[in-house]
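There are 2 protein chains.
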Amino acid sequence: MQNNTITIHDIAAALKIDSSTVSRALNNSPRVTQKTKERIWAKAEEMGYQRNVLASNLRKSKTNTLGIIVPRISRYFFSSAIAGIEETAFEAGYNVIICQSLEKLEREKNLIQTLVANRVDGIIMSISMETMDYDHLEGAKKNGIPTVFFDRHCDIPGNNNVLLDDYKGSFDATQHLIAQGCKNIAHLGGPKSLLLYQNRFNGYKDALVQNGYPFRQELVFDSRLMEKDGAEAAQKILGTNTEIDGIFSANDVAAIGAMQYLKGRNVKIPEEIAVTGFSNGPTSAVIEPSLTTVDQSGEKMGKLATELLIKQINSKPKTLSPETIILEPSLIERESTRKKITNPTK
Amino acid sequence: MQNNTITIHDIAAALKIDSSTVSRALNNSPRVTQKTKERIWAKAEEMGYQRNVLASNLRKSKTNTLGIIVPRISRYFFSSAIAGIEETAFEAGYNVIICQSLEKLEREKNLIQTLVANRVDGIIMSISMETMDYDHLEGAKKNGIPTVFFDRHCDIPGNNNVLLDDYKGSFDATQHLIAQGCKNIAHLGGPKSLLLYQNRFNGYKDALVQNGYPFRQELVFDSRLMEKDGAEAAQKILGTNTEIDGIFSANDVAAIGAMQYLKGRNVKIPEEIAVTGFSNGPTSAVIEPSLTTVDQSGEKMGKLATELLIKQINSKPKTLSPETIILEPSLIERESTRKKITNPTK
DNA sequence: CTGTTAGCGCCTTCAG
DNA sequence: CTGAAGGCGCTAACAG
Numbered sequence: 187m188q189n190n191t192i193t194i195h196d197i198a199a200a201l202k203i204d205s206s207t208v209s210r211a212l213n214n215s216p217r218v219t220q221k222t223k224e225r226i227w228a229k230a231e232e233m234g235y236q237r238n239v240l241a242s243n244l245r246k247s248k249t250n251t252l253g254i255i256v257p258r259i260s261r262y263f264f265s266s267a268i269a270g271i272e273e274t275a276f277e278a279g280y281n282v283i284i285c286q287s288l289e290k291l292e293r294e295k296n297l298i299q300t301l302v303a304n305r306v307d308g309i310i311m312s313i314s315m316e317t318m319d320y321d322h323l324e325g326a327k328k329n330g331i332p333t334v335f336f337d338r339h340c341d342i343p344g345n346n347n348v349l350l351d352d353y354k355g356s357f358d359a360t361q362h363l364i365a366q367g368c369k370n371i372a373h374l375g376g377p378k379s380l381l382l383y384q385n386r387f388n389g390y391k392d393a394l395v396q397n398g399y400p401f402r403q404e405l406v407f408d409s410r411l412m413e414k415d416g417a418e419a420a421q422k423i424l425g426t427n428t429e430i431d432g433i434f435s436a437n438d439v440a441a442i443g444a445m446q447y448l449k450g451r452n453v454k455i456p457e458e459i460a461v462t463g464f465s466n467g468p469t470s471a472v473i474e475p476s477l478t479t480v481d482q483s484g485e486k487m488g489k490l491a492t493e494l495l496i497k498q499i500n501s502k503p504k505t506l507s508p509e510t511i512i513l514e515p516s517l518i519e520r521e522s523t524r525k526k527i528t529n530p531t532k
Numbered sequence: 187m188q189n190n191t192i193t194i195h196d197i198a199a200a201l202k203i204d205s206s207t208v209s210r211a212l213n214n215s216p217r218v219t220q221k222t223k224e225r226i227w228a229k230a231e232e233m234g235y236q237r238n239v240l241a242s243n244l245r246k247s248k249t250n251t252l253g254i255i256v257p258r259i260s261r262y263f264f265s266s267a268i269a270g271i272e273e274t275a276f277e278a279g280y281n282v283i284i285c286q287s288l289e290k291l292e293r294e295k296n297l298i299q300t301l302v303a304n305r306v307d308g309i310i311m312s313i314s315m316e317t318m319d320y321d322h323l324e325g326a327k328k329n330g331i332p333t334v335f336f337d338r339h340c341d342i343p344g345n346n347n348v349l350l351d352d353y354k355g356s357f358d359a360t361q362h363l364i365a366q367g368c369k370n371i372a373h374l375g376g377p378k379s380l381l382l383y384q385n386r387f388n389g390y391k392d393a394l395v396q397n398g399y400p401f402r403q404e405l406v407f408d409s410r411l412m413e414k415d416g417a418e419a420a421q422k423i424l425g426t427n428t429e430i431d432g433i434f435s436a437n438d439v440a441a442i443g444a445m446q447y448l449k450g451r452n453v454k455i456p457e458e459i460a461v462t463g464f465s466n467g468p469t470s471a472v473i474e475p476s477l478t479t480v481d482q483s484g485e486k487m488g489k490l491a492t493e494l495l496i497k498q499i500n501s502k503p504k505t506l507s508p509e510t511i512i513l514e515p516s517l518i519e520r521e522s523t524r525k526k527i528t529n530p531t532k
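If you read the protein sequences in the order shown, they are chains A and B.
Each residue of the first sequence is one higher than the one before, starting from 187 at the first, in my numbering.
Each residue of the second sequence is one higher than the one before, starting from 187 at the first, in my numbering.
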């Protein structure tokens, strides 16, 4: 560890000028001659100067850092969203602090506090499944830190959101199953406290009804949509002799759990039961490579959210009016060799 | 945005004591009476004081933040490693800045610079596929920032590493394919500049030889192991009439690419060609749920790397001697209903 | 265009 | 055990 701590004063002294000029030059201020700038840059380079970001941050009360809170980094949807965020932020000169709430309200509260305390310039987040009151979400806003919600948002006016049209995606996916010949379609749903799952449920329900099928509450299995929840639902479906030939899952993870359970019981996918759900990337290949899924496009949402956030940050203190971007969902059709549902059994 | 900027001086004034005492109390220094502490804590609470982390950081020249550099966040192995890192770091009171090199050397250099400039307390990283000389990796060390490499390390002495025993994992996986009856096993390998891929290759080769099979260079397909690389290799395998009944892939992504190509050509997995590789989590389910893979245990590596790093940070300036942790790989056996390879075809 | 001055908010010697 | 004083390194008025 060399005591390599060259400050602007050192280079000012070496050049017999004032440190404030050095500061300006290093920030490429227009208020310094090009010639002086170049002398300063050269000297800085020569002396191996490195700006002390901490001092700069303190002085400017700005960190050039964005905070991100997601439920769980290792979910493909979130990690791909983060990839998009990081990419966009990096290009705009921002760093990124990533945190996971692990679906816990308590942790979510702490994290927001921490990010505020660390003076991030903005926050991008997806709320946890436990989040039902939104008081703590105001914390950042009160401190003047703009926030953008993506995917999982909350129902308070004045927020920035980047969302998928979950209702439509859900409707289309269910419709797709019906078109394939499914007559009894179960739904693996998430906590209704999240609008997102509410919407996905509504899309499913409406698609049934509009196609002349009855909506049956006993075919709806709400859970936290972990792999084991999907498996449990599948177990119930097989166990209770419920007639089922299709499953529409609100996420891919539960769908995988259900499928693995079914396959272990020698139920053929998709000949006997067709499965679909929201998904993207490699994980969706697990939902049977041949099946159609609703594209959740994490990377795109991440990019859009970051662009929106940066716009909000730069607009301060004018405080741009909040914005909500809703993406059109699209079905990803894989291998066209999909077989028709032929012989629905329980 | 309330001008809510309460400093230690404000609370000192309110209590008619000095700000330095307040500072000590808030840091729970033993050099303040319990009674005074409690008065101060109460007042701080009451006035809604929030420590200014930036000022604190500047003064202490420490940020309580760890930097992480991985090639790509959305790779499941890395996102699960990050989950483990974040978890452990959070418990120890550290924040985490996450960056992706996108396998680019240039970006990797920049990122290290940025992290050093931001005075992170330590760095955890996996080097990019392009990284062949290691000069830039010394940058952090020179600045007294301890670094731990995980999974993809580099061959310079004095580093801290958390690794998998890739040679053994590879050997075991290949052996496993042989035990299943495979006689002609291809290998999808990564850039040999990374020791990791070198070791995985060696394990494969030695397993063949020790079982009395010839090593054939024409069955080795090196690439950057993206999905398309796997598909290309599979195409070559089918195209050139090479006799193959097994594939051992150095990662899961390429294995998925190969499998999807093969399935599209109506080659049955695993009856005609058995595929295995390093993997973990949901992605590995894609490598045919019935097949065995080598567990890469990202979360565990992340945890260990973080613990090691924090140990190094806390040991300063004594500078603990570097450490290398090597994890025993284990094969994940899935569904025992796996079919034997019956009728190997090209 | 450049220099002077005065902090950002906190922590840490050094005295008492 | 507490107070006084100084400075981390940088930037942003305000002058000249």
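Backbone N, C-alpha and C fix where the C-beta goes; we use that ideal spot for every residue, glycine too.
Quiz item: For B:Ala211, which of helix, strand or coil comes out of DSSP?
Solution: Helix.
Quiz item: Who pairs with B:Phe387 in a beta bridge, going by DSSP?
Solution: For B:Phe387, which the question treats as bridged, DSSP gives no partner whatsoever.
Quiz prompt | Neighbour-count burial assignment, A:Glu294, 16 or more Cβ in a 10 Å radius | solution = It counts as buried.
Quiz item: Since A:Gly463 contacts A:Asp481 with CB under 8 Å, what's their CB separation in whole angstroms?
Solution: That pair is no contact at about 11 Å.
Quiz item: For the putative contact between B:Leu349 and B:Thr479, defined by C-beta atoms under 8 Å, what is the C-beta separation to the nearest angstrom?
Solution: With a beta-carbon spacing of about 18 Å, B:Leu349 and B:Thr479 fall beyond the 8 Å limit used to define contacts.
Practice problem: Indicate the three-state DSSP secondary structure (helix, strand or coil) for A:Asp196 in the structure shown. | Solution: In the displayed model, A:Asp196 falls within a helix according to three-state DSSP.
Practice problem: Kindly indicate which residue of B:Ile430, B:Ile226 and B:Phe336 has the alpha-carbon position closest to the one of B:Thr492. | Solution: Comparing alpha carbon positions, the residue from B:Ile430, B:Ile226 and B:Phe336 closest to B:Thr492 is B:Phe336.
Exercise. Consider the Cβ of A:Gln286: report whether some Cβ of chain B lies at a distance smaller than 9 Å.
Key: True, the Cβ-Cβ gap to chain B drops below 9 Å.
Quiz item: Nearest-angstrom Cα distance between A:Val453 and A:Ser507?
Solution: A:Val453 and A:Ser507: Cα-Cα distance of roughly 52 Å.
Quiz item: Span of the alpha helix (DSSP H) holding B:Met233?
Solution: According to the DSSP assignment, B:Met233 belongs to the alpha helix (DSSP H) that extends over Gln220 to Met233.
Quiz item: Can you tell which of A:Asn304, A:Arg305, A:Asn345 and A:Ala303 has the C-alpha that lies nearest to the C-alpha of A:Leu323?
Solution: Comparing C-alpha distances from A:Leu323 to each of A:Asn304, A:Arg305, A:Asn345 and A:Ala303 shows the shortest one belongs to A:Asn345.
Quiz item: Taking B:Lys248 as the reference, which of B:Ala199, B:Thr300, B:Ile271 and B:Gly308 has the closest Cα?
Solution: Of the listed residues, the one whose Cα sits closest to B:Lys248 is B:Gly308.
Quiz item: Looking at A:Glu289 and A:Glu272, is the spacing between their C-beta atoms short of 9 Å?
Solution: Cβ distance not < 9 Å, so A:Glu272 and A:Glu289 don't count as in contact.
Quiz item: Would the beta-carbon of B:Ala441 fall within 9 Å of that of B:Ser465?
Solution: Closer than 9 Å, so yes.
Quiz item: B:Leu244 touches chain A at which residues, Cβ-Cβ below 7 Å?
Solution: Chain A residues near B:Leu244: Leu240, Ala241 and Leu244.
Practice problem: Could you tell me whether the region 252–261 of chain A touches the region 263–272 of chain B, where touching means 3 or more Cβ pairs closer than 8 Å? | Solution: A contact is defined here as three or more CB-CB pairs under 8 Å, and the region 252–261 of chain A meets this definition with respect to the region 263–272 of chain B.
Exercise. Kindly confirm or deny that the region 382–396 of chain A and the region 353–365 of chain A touch, where touching means at least three C-beta pairs closer than 8 Å.
Key: In short, these stretches touch, since the Cβ pair count reaches three.
Quiz item: Residues of chain A with CB under 7 Å from B:Thr428, in chain order?
Solution: Neighbours of B:Thr428 on chain A: none; closest Cβ ~24 Å, over 7 Å.
Quiz item: Hey, quick one: how far does the alpha helix (DSSP H) through B:Phe264 stretch, first residue to last?
Solution: That run of the alpha helix (DSSP H) goes Tyr262 to Glu277.
Quiz item: Going by C-alpha distance, which of A:Ser215, A:Thr222, A:Pro216 and A:Asn214 is nearest A:Ala198?
Solution: Of the listed residues, the one whose Cα sits closest to A:Ala198 is A:Thr222.
Practice problem: Sort out for me which residues DSSP pairs A:Met487 with in a bridge. | Solution: Answer by DSSP bridge pairing: none, since A:Met487 is not bridged.
Quiz item: beta strand (DSSP E) containing B:Leu252: first to last residue?
Solution: Element bounds for B:Leu252: Thr251 to Val256.
Quiz prompt | C-beta atoms of B:Ile194 and B:Tyr235 nearer than 9 Å | solution = Cβ distance < 9 Å, so B:Ile194 and B:Tyr235 count as in contact.
Quiz item: Residues in its own chain within less than 7 Å of B:Ile527 by CB, not counting five upstream and five downstream?
Solution: Low confidence applies to B:Ile527: its pLDDT is 47, below 50, so where it sits in the model is not reliable, and the reading given next is rough at best. Taking C-beta separations shorter than 7 Å and ignoring five residues to either side along the sequence, the partners of B:Ile527 in its chain run Gln366, Gly367, Cys368, Asp431, Pro456, Glu457 and Ala460, following chain order.
Quiz item: Does DSSP put A:Gln236 in a helix, in a strand, or in coil?
Solution: Coil, per DSSP.
Exercise. Could you work out which residues of chain A lie near B:Ala269, taking near to mean beta carbons separated by less than 8 Å?
Key: Under the 8 Å cutoff, chain A gives Arg258, Ile259, Ser260 and Gln286.
Practice problem: Less than 8 Å between the CB atoms is what I'm expecting for B:Ser287 and B:Ile255, so what's the real figure, rounded? | Solution: About 6 Å; that satisfies the 8 Å criterion.
Exercise. Could you check the C-alpha separation between A:Val306 and B:Asn238 for me, to the nearest Å?
Key: About 12 Å.
Self-check item: is_contact[A:Thr193, chain B] using C-beta, thresh 9 Å
Solution: A:Thr193 does not count as touching chain B.
Exercise. Output yes or no for whether 9 Å exceeds the beta carbon distance between B:Leu513 and B:Val334.
Key: At least 9 Å separates the beta-carbon of B:Leu513 from that of B:Val334.
Quiz item: From the beta carbon of A:Arg217, is the nearest beta carbon of chain B less than 9 Å away?
Solution: It does not; no Cβ of chain B falls within 9 Å.
Practice problem: Can you give me, in chain order, the residues of the region 220–239 of chain A that have a beta carbon less than 9 Å from any beta carbon in chain B? | Solution: Listed in sequence order: Gln236, Arg237, Asn238 and Val239.
Quiz item: Between the Cα of B:Arg451 and the Cα atoms of B:Ala420, B:Thr426 and B:Leu477, which residue gives the shortest distance?
Solution: Nearest of B:Ala420, B:Thr426 and B:Leu477 to B:Arg451, Cα basis: B:Ala420.
Quiz item: From the beta carbon of A:Phe276, is the nearest beta carbon of chain B less than 9 Å away?
Solution: Among the residues facing chain B, A:Phe276 is included, as its CB has a counterpart in that chain under 9 Å away.
Quiz item: Mind checking if A:Ala303 is an interface residue toward chain B, Cβ cutoff 9 Å exclusive?
Solution: Yes - at least one Cβ of chain B is within 9 Å of the one on A:Ala303.
Practice problem: Report the neighbours of B:Ser501 on chain A: residues whose CB is nearer than 7 Å to its CB, in chain order. | Solution: Near B:Ser501 there are no residues of chain A at all, since even the closest Cβ is about 13 Å away, more than 7 Å.
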